[in-house]
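Number of protein chains: 2
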Amino acid sequence: MLAVSKRVKQTKPSYIRNILKVTQQADMLSLAGGLPDAELFPLDILTQAADELAQSPSIFQYGATEGLTELRQWLLEENGAAEDVLITTGSQQALDLIARSYLNPGDKVLCEAPSYLGALQVFDLAEAEIHTVIAEADGPNLAQLEQQLANYKIKLFYAVPDFQNPSGHCWSLSKRKAVASLLAKYNVALIEDAPYRQLRYQGEPLPTVSKLSSYAAFHLGSFSKIATPGMRVGYVRAKQALLAPLIKVKQASDLHSAQPMQLMLLATVRHPSFTEHLDKLTNTYRTRRDYLAELLQQQLSDKLEFNVPQGGMFIWARLPHHNAMSLAEAALRQKVAIVPGDEFWPSNHTPDYQAIRLNFTALTEPQLEQAVSRLKKALLQCSPMK
Amino acid sequence: MLAVSKRVKQTKPSYIRNILKVTQQADMLSLAGGLPDAELFPLDILTQAADELAQSPSIFQYGATEGLTELRQWLLEENGAAEDVLITTGSQQALDLIARSYLNPGDKVLCEAPSYLGALQVFDLAEAEIHTVIAEADGPNLAQLEQQLANYKIKLFYAVPDFQNPSGHCWSLSKRKAVASLLAKYNVALIEDAPYRQLRYQGEPLPTVSKLSSYAAFHLGSFSKIATPGMRVGYVRAKQALLAPLIKVKQASDLHSAQPMQLMLLATVRHPSFTEHLDKLTNTYRTRRDYLAELLQQQLSDKLEFNVPQGGMFIWARLPHHNAMSLAEAALRQKVAIVPGDEFWPSNHTPDYQAIRLNFTALTEPQLEQAVSRLKKALLQCSPMK
Numbered sequence: 001m002l003a004v005s006k007r008v009k010q011t012k013p014s015y016i017r018n019i020l021k022v023t024q025q026a027d028m029l030s031l032a033g034g035l036p037d038a039e040l041f042p043l044d045i046l047t048q049a050a051d052e053l054a055q056s057p058s059i060f061q062y063g064a065t066e067g068l069t070e071l072r073q074w075l076l077e078e079n080g081a082a083e084d085v086l087i088t089t090g091s092q093q094a095l096d097l098i099a100r101s102y103l104n105p106g107d108k109v110l111c112e113a114p115s116y117l118g119a120l121q122v123f124d125l126a127e128a129e130i131h132t133v134i135a136e137a138d139g140p141n142l143a144q145l146e147q148q149l150a151n152y153k154i155k156l157f158y159a160v161p162d163f164q165n166p167s168g169h170c171w172s173l174s175k176r177k178a179v180a181s182l183l184a185k186y187n188v189a190l191i192e193d194a195p196y197r198q199l200r201y202q203g204e205p206l207p208t209v210s211k212l213s214s215y216a217a218f219h220l221g222s223f224s225k226i227a228t229p230g231m232r233v234g235y236v237r238a239k240q241a242l243l244a245p246l247i248k249v250k251q252a253s254d255l256h257s258a259q260p261m262q263l264m265l266l267a268t269v270r271h272p273s274f275t276e277h278l279d280k281l282t283n284t285y286r287t288r289r290d291y292l293a294e295l296l297q298q299q300l301s302d303k304l305e306f307n308v309p310q311g312g313m314f315i316w317a318r319l320p321h322h323n324a325m326s327l328a329e330a331a332l333r334q335k336v337a338i339v340p341g342d343e344f345w346p347s348n349h350t351p352d353y354q355a356i357r358l359n360f361t362a363l364t365e366p367q368l369e370q371a372v373s374r375l376k377k378a379l380l381q382c383s384p385m386k
Numbered sequence: 001m002l003a004v005s006k007r008v009k010q011t012k013p014s015y016i017r018n019i020l021k022v023t024q025q026a027d028m029l030s031l032a033g034g035l036p037d038a039e040l041f042p043l044d045i046l047t048q049a050a051d052e053l054a055q056s057p058s059i060f061q062y063g064a065t066e067g068l069t070e071l072r073q074w075l076l077e078e079n080g081a082a083e084d085v086l087i088t089t090g091s092q093q094a095l096d097l098i099a100r101s102y103l104n105p106g107d108k109v110l111c112e113a114p115s116y117l118g119a120l121q122v123f124d125l126a127e128a129e130i131h132t133v134i135a136e137a138d139g140p141n142l143a144q145l146e147q148q149l150a151n152y153k154i155k156l157f158y159a160v161p162d163f164q165n166p167s168g169h170c171w172s173l174s175k176r177k178a179v180a181s182l183l184a185k186y187n188v189a190l191i192e193d194a195p196y197r198q199l200r201y202q203g204e205p206l207p208t209v210s211k212l213s214s215y216a217a218f219h220l221g222s223f224s225k226i227a228t229p230g231m232r233v234g235y236v237r238a239k240q241a242l243l244a245p246l247i248k249v250k251q252a253s254d255l256h257s258a259q260p261m262q263l264m265l266l267a268t269v270r271h272p273s274f275t276e277h278l279d280k281l282t283n284t285y286r287t288r289r290d291y292l293a294e295l296l297q298q299q300l301s302d303k304l305e306f307n308v309p310q311g312g313m314f315i316w317a318r319l320p321h322h323n324a325m326s327l328a329e330a331a332l333r334q335k336v337a338i339v340p341g342d343e344f345w346p347s348n349h350t351p352d353y354q355a356i357r358l359n360f361t362a363l364t365e366p367q368l369e370q371a372v373s374r375l376k377k378a379l380l381q382c383s384p385m386k
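Top line first, the protein sequences correspond to chains E and D. So for the first sequence, the UniProt record's numbering puts the first residue at 1; every next one is plus one. So for the second sequence, the UniProt record's numbering puts the first residue at 1; every next one is plus one.
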């Protein structure tokens, strides 16, 4: 049998993928995924955008690896920075392209702990050495961050400053500035992954960390959470010289991303009704967040500890008395899926504490109520840790 | 500045990409690309397929890494084999996923010489050691193939048996069988890349080499040449166990390929008029192939040596008297773009002979006539090799 590569062997498997068959059962309620609610997709706008494809037949030809010029221009205008932009097959691909462009096996990458599983998988595939810094409610622990940067030759720092997956944390302005200046001091490049940035339910947007950075920075954007994920359109914005190797890797990886998707996406976000759609989306998600938080507070406050996130898709709940993996298994038996916190630490790290991630965007309020009642049963069945 | 990875540094750059700005000039005629003719895209069918997207709103949600079930089923029915199929962002991505799944740095890969540049780039990125076997008109030189397999621990053999890019060669049935049995004898896996298989202008289809193989084999398919390339839908067919690591890598790379593109593609190839479209396409390309061959024969037979390929997109012409790179440069000055043969040998190999690749699918007959007349001028200006 053909032996698989070392990079594949050491890549962390995905818990969500492993339980996929179970979570797809009709009577299962899932708080596990990171799915937007399909009922809220802007289908009218998308249909109109699909109808207009035939007016631009050239998008059916091979295109530039960088992406569709009109979409790139729109993204650069939006930002106004002296940067360039590369369109990718979801922002996930941007992350993979950065890793392949800049990391040799053994290179050191710093991530928040907990961190997005998809990023950990990318760094595993790049055979990087993953270091962590504790994610606090207002951003990474600065003393530990400086210690890591000073003691190890860290090449890239991966972070989700806006409503992090899984913790929901949003970095404060002062921590954003402090991180930017520490990265500049130690010549460490930043990967700022911002898929949830536009899902803000309260407070004012803060500047991106990449904008505050004076050293190399990549800003990753996604349309999966605000438009639709199935179209797989994302992007990475950075200085042109930083993007050049990514373009070379992307050319060998897939030549370019699907052009009709890029055009449909542009027509969608430019549509006069898109702001209205976005308002409806954030209003619905805010209500669901509040509803889930209230249910947890009322019914499970002695078993779960959590903050209400200002945005994003998840409530991250610490378990003072229970083991997360055992709870996740008990929950599946009660027909509710959750993700145990272990999933968000690198393979060779032990989680700092027990926690679970609960999604509040995919289920309606009655479903959330039902899910929490099942979770409660699971918690009652699950013996507390000694 | 952030240092790029070793894999990127050693990846062969693309000549076509390097001359892109020049070839995009309005008065340039390009025989250099591998583009299908956009005028022949099945726009009516595609428009209808786009209109139907709204009837399947679930495709706008996140989907399975493996691809859309309906498209996968259709591809497996078409083939009827006890295999599985993974949908990729063009067959280029399938190649990259195989390399990342199975190759460690220093692993040995065998390619035909000349070979598809995009494959050489993928193997460079995987830091593989590339070996070559001479591509003859009816397939690889068998003695040299066996010698390579016997003397080196080759892990993968990459080949394009149907109307190879760049040579246009189509392997004979006896060589297909001989290669399959040699690969089984030495336990070497096959990557059969078949983007041109359906662009056959004469003769009967031969069995795929992967079907004749008893050892591990991947069959790569594309819709770029028969439907449209801008949608980026391709696939790889193989035994399920062989695809499992590819799925793991693809999940980290981009989660999945754009679902609306997969559905549109399926609706397109299933459309009752698609066969008619395919007939029109192959008839037009056959006429252009014949026309270019006639022009070259009449005007340049003392300077170029070539066979008329039975299918595909290219005439591969040997240059008995000229240097290909100098000719390509002289041609650009005459406003016609061609690809020098050097491009199709791995970075550290010297081409076995001087040659150029001429595309016949992208230009109309009057344009081909004009292009050959410019090429003739370039040949006259270019000093013969000593």
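All residues carry an ideal CB built from backbone N, CA and C; glycine is no exception. Just so we're clear, the structure is a prediction, and the values are computed from it rather than from any experiment.
Start and end residues, beta strand (DSSP E) containing residue i
{"i": "Ile19 of chain D", "result": "Careful: Ile19 of chain D lies outside any beta strand (DSSP E) and carries neither H nor E."}
{"i": "Glu136 of chain D", "result": "Glu129 to Glu136"}
{"i": "Tyr235 of chain E", "result": "Gly234 to Ala238"}
{"i": "His169 of chain D", "result": "It is not in any beta strand (DSSP E) - His169 of chain D carries neither H nor E in the DSSP assignment."}
{"i": "Glu192 of chain D", "result": "Ala189 to Asp193"}
{"i": "Leu86 of chain D", "result": "Asp84 to Thr88"}
Closer than 8 Å to chain D by CB, residue i
{"i": "Asp51 of chain E", "result": "yes"}
{"i": "Ala274 of chain E", "result": "Going by the sequence as given, residue 274 of chain E is Phe instead of Ala. With 8 Å as the cut-off, Phe274 of chain E does not count as an interface residue toward chain D."}
{"i": "Leu255 of chain E", "result": "yes"}
{"i": "Ile59 of chain E", "result": "yes"}
{"i": "Thr228 of chain E", "result": "yes"}
{"i": "Leu190 of chain E", "result": "no"}
{"i": "Gln121 of chain E", "result": "yes"}
{"i": "Asp96 of chain E", "result": "yes"}
{"i": "Lys303 of chain E", "result": "no"}
Anticipated Cβ contact below 8 Å, residue i with residue j, distance rounded
{"i": "Lys335 of chain D", "j": "Leu29 of chain D", "result": "6 Å"}
{"i": "Trp345 of chain D", "j": "Ser167 of chain D", "result": "That belief does not hold up - the Cβ atoms of Trp345 of chain D and Ser167 of chain D are roughly 12 Å apart, past 8 Å."}
{"i": "Gln251 of chain D", "j": "Thr65 of chain D", "result": "5 Å"}
{"i": "Leu125 of chain E", "j": "Phe157 of chain E", "result": "With a Cβ gap of about 18 Å, Leu125 of chain E and Phe157 of chain E do not count as contacting."}
{"i": "Leu120 of chain E", "j": "Ile134 of chain E", "result": "With a Cβ gap of about 16 Å, Leu120 of chain E and Ile134 of chain E do not count as contacting."}
Range of the contiguous alpha helix (DSSP H) that encloses residue i
{"i": "Asp107 of chain D", "result": "Run containing Asp107 of chain D: none; DSSP gives neither H nor E here."}
{"i": "Tyr285 of chain E", "result": "Phe274 to Leu300"}
{"i": "Arg270 of chain E", "result": "Gln259 to Arg270"}
{"i": "Gly118 of chain E", "result": "Leu117 to Leu125"}
Between the CA atoms of residue j and residue i - distance to the nearest angstrom
{"i": "Thr287 of chain D", "j": "Arg17 of chain D", "result": "28 Å"}
{"i": "Gln354 of chain E", "j": "Ser326 of chain E", "result": "11 Å"}
{"i": "Lys108 of chain E", "j": "Lys153 of chain E", "result": "7 Å"}
{"i": "Leu173 of chain E", "j": "Pro207 of chain E", "result": "8 Å"}
{"i": "Ile98 of chain E", "j": "Val236 of chain E", "result": "9 Å"}
{"i": "residue 420 of chain E", "j": "Val372 of chain D", "result": "Since the first and last residues shown for chain E are 1 and 386, residue 420 of chain E lies out of range."}
{"i": "His349 of chain E", "j": "Leu68 of chain D", "result": "35 Å"}
{"i": "Ile6 of chain E", "j": "Phe123 of chain D", "result": "Note that residue 6 of chain E is Lys in the sequence shown here, rather than Ile. Rounded to whole angstroms, Lys6 of chain E to Phe123 of chain D spans 16 Å at the Cα level."}
{"i": "Gln198 of chain D", "j": "Gly63 of chain E", "result": "22 Å"}
{"i": "Ser273 of chain E", "j": "Glu70 of chain E", "result": "20 Å"}
{"i": "Ser101 of chain E", "j": "Val8 of chain D", "result": "6 Å"}
{"i": "Lys377 of chain D", "j": "Leu31 of chain D", "result": "15 Å"}
{"i": "Val209 of chain D", "j": "Phe360 of chain D", "result": "26 Å"}
Residue i Cβ short of 7 Å to the ligand ATP heavy atom set
{"i": "His321 of chain E", "result": "Among the ligands in the structure shown, none appear at all, so the ligand ATP cannot be discussed."}
Exposed unless 16 or more other CB atoms sit within 10 angstroms - verdict on residue i
{"i": "Pro36 of chain E", "result": "buried"}
{"i": "Arg200 of chain E", "result": "buried"}
{"i": "Pro384 of chain D", "result": "exposed"}
{"i": "Pro366 of chain D", "result": "exposed"}
{"i": "Pro340 of chain E", "result": "buried"}
{"i": "Leu380 of chain E", "result": "exposed"}
Interface flag, residue i vs chain E, CB-CB below 8 Å
{"i": "Leu220 of chain D", "result": "no"}
{"i": "Met231 of chain D", "result": "yes"}
{"i": "Lys6 of chain D", "result": "yes"}
{"i": "Ala217 of chain D", "result": "no"}
{"i": "Arg17 of chain D", "result": "yes"}
{"i": "Pro245 of chain D", "result": "yes"}
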